[in-house]
Each structure stands twice: as C-alpha cells, then as structure tokens.
Amino acid sequence: YFPGCGSERLYADIATAAADAARIIGEAPAHVIGASLGAATAIELALQRPELVCSLTLITPLVATSGRLEAVMEAWCTLAAAGDRDVLARFLAPWMFSERTLKDRDKRERIVRALGQTAGAVRADVLRRWAMGAAAWSGSRAGDLARITAPTVVVAAGADLLTLDAAAIAGAIPRAKLIT
493 YFPGCGSERL YADIATAAAD AARIIGEAPA HVIGASLGAA TAIELALQRP
543 ELVCSLTLIT PLVATSGRLE AVMEAWCTLA AAGDRDVLAR FLAPWMFSER
593 TLKDRDKRER IVRALGQTAG AVRADVLRRW AMGAAAWSGS RAGDLARITA
643 PTVVVAAGAD LLTLDAAAIA GAIPRAKLIT
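For the sequence shown, the numbering used here puts the final residue at 672, and the numbers step up evenly by one.
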C-alpha cells in the first residue's frame, strides 16, 4: 500500500519508493522498464529522478486513460470482487491478447490459466485503488514528457485495444524510438 493509492500521487509515490530502493541497493542509474500501468511509474521515475534512469523502456504505455480502459478496469474490479478467477481471466484475455494468439484454443486455455493465477491473485480492494489512481493520474503528465532525458524506447502492441497512445508518447519524448 502506498500513501497515494487512489489518487494522482499513486505512481509518483511508487516511483519514489523505486528510487529509494535503487539507491539503497546501489543499483543506480538503472535501465527502467515499465509495461502498461507500470509505464506510468517508469515515466514518473524518469521525470522525478532523471539521474537514476540510464535508459527507459515503455511497453504499451499510457498517459491518459480512455473510456474503454476505464470500463475494462471497472469490470475487472467487479469480477475480482466476485472471486471467480476463471471468469476474470476469460474476461481479461481478449483485452490483453491478439486475435492471432487467442485463435489457438490450447494457447488460449494456457493464457486463461496463467491469468487466473496472476490477475486473480490481486485483491479487489488493491485493484480498485490502482484503478482509481490510474483515473486520477490520467492526463497529468502528458505535458511533461518532453522533459524526459533518458534514451527511450516505446513499444506499441499492434492489436492493443486499451493503451492506444504509444505513438503519441514516443513523439512527445525527445529522441524516443517507437517500435511497433
């Protein structure tokens, strides 16, 4: 639990904790990688403590939530609270994986099992705080991306339905490279 959970400060607080950890273990500067909402924390770290970031990799990042992402997060929270990991995993899989990946039934079932174990393990109250934090953080850093100084790679998923702004993020960060 971070003090900013459910607020715009959530990702900033996590970035501060990551900076403290890197300093304590002597692993700074570091190559920082963030995926999806984790990219928000990576962006915050690069903005707050640029001297700690040797390079930045953002995988399917976002700086603003979409109506679709907010609706999926609300449903995810509701399903997590219901406690049926299989139903939760079956709901999430089509939002997280491409048609090509899901077309293979055996692969799809392996994905559902893995999602049930991982996503289903997150407590509903924690997930709800993260969703509230994402909504509060949404849009708050878009204007600051030009201040990121670390060499940056932005990875966009071709069939991503939830985090659509990877190209815009790469365009806003000086010298960032976009990989699609």
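Every residue, glycine too, gets a C-beta built ideally from N, C-alpha and C.
Q. If we count Cβ pairs, one from each stretch, closer than 8 angstroms, do we get three or more for the segment 644-653 versus the segment 551-559?
A. yes
Q: Mind checking which residues open and close the alpha helix (DSSP H) that includes residue 581?
A: Here residue 581 is taken as the residue at index 89 of the sequence shown, counted from 1. Run containing residue 581: 577-588, per the alpha helix (DSSP H) assignment.
Q) With DSSP run on the structure shown, which of helix, strand or coil describes residue 618? A) Residue mapping note: residue 618 aligns to position 126 of the sequence shown, counting from 1. Note: residue 618 maps to helix in three-state DSSP.
(Q) Between which two residues does the beta strand (DSSP E) holding residue 548 run? (A) Position 56 of the sequence shown, counted from the start, is the residue given in the question as residue 548. Residue 548 -> beta strand (DSSP E) spans 545-551.
Q | Limits of the alpha helix (DSSP H) - the one that residue 529 falls within | A | Counting from one through the sequence shown, the residue named residue 529 turns up at place 37. It spans 529-540 - the alpha helix (DSSP H) in which residue 529 sits, taken as one unbroken run.
Q. If you pair each beta-carbon of the segment 568-582 with each one of the segment 538-548, do three or more pairs fall below 8 angstroms?
A. no
Q) When you compare each of 614, 593, 534 to residue 573 by their alpha carbons, which one comes out closest? A) Here residue 573 corresponds to residue number 81 of the sequence shown, with the count starting at 1. Among 614, 593, 534, the Cα nearest to that of residue 573 is on 614.
(Q) In whole angstroms, give me the CA-to-CA distance for residue 589 and residue 652. (A) Against the sequence shown, residue 589 aligns to sequence position 97. Against the sequence shown, residue 652 aligns to sequence position 160. One C-alpha to the other measures close to 8 angstroms.
Q. How about residue 533 and residue 556: do their beta carbons lie closer than 8 angstroms?
A. Stepping through the sequence shown from its first residue, residue 533 is reached at position 41. Stepping through the sequence shown from its first residue, residue 556 is reached at position 64. No. Outside cutoff.
Q: Please work out which residues of its chain come closer than 7 angstroms, Cβ to Cβ, to residue 627, disregarding the five sequence neighbours upstream and downstream, and give them in chain order.
A: Taking the first residue of the sequence shown as 1, we reach residue 627 at position 135. So the list reads 557, 562, once near-sequence residues are dropped.
Q. Should the segment 511-525 be regarded as contacting the segment 598-615, the criterion being three or more beta carbon pairs within less than 8 angstroms?
A. no
Q | Ranges of the alpha helix (DSSP H) found wholly within the segment 636-671, counting only runs of at least 4 | A | 658-664
Q) Pick from 547, 523, 629, 510: whose alpha carbon is nearest that of residue 665? A) The residue you call residue 665 lines up with position 173 of the sequence shown. The shortest Cα separation from residue 665 among 547, 523, 629, 510 belongs to 547.
Q. So is residue 655 buried or exposed if we call it buried at 16+ other beta carbons inside 10 Å?
A. The count along the sequence shown starts at 1 and reaches residue 655 at position 163. So residue 655 counts as buried.
Q | Element boundaries [alpha helix (DSSP H), containing residue 594] | A | Numbered from its first residue, the sequence shown carries residue 594 at position 102. Residues 591-595.
Q. Can you round the beta-carbon distance between residue 663 and residue 503 to whole angstroms, since I take them to be within the 8 angstroms contact cut?
A. The residue labelled residue 663 in the question sits at position 171 within the sequence shown. The residue labelled residue 503 in the question sits at position 11 within the sequence shown. That pair is no contact at about 21 angstroms.
Q) For residue 638, which option in 524, 607, 667 has the closest C-alpha, if you only look at C-alpha atoms? A) Indexing the sequence shown from 1 puts residue 638 at position 146. Of the listed residues, the one whose Cα sits closest to residue 638 is 667.
Q) Quick one: what's got a C-beta closer than 7 angstroms to residue 672's C-beta in the same chain, skipping five residues either side? A) Taking the first residue of the sequence shown as position 1, residue 672 is located at position 180. Contacts found: 648, 650.
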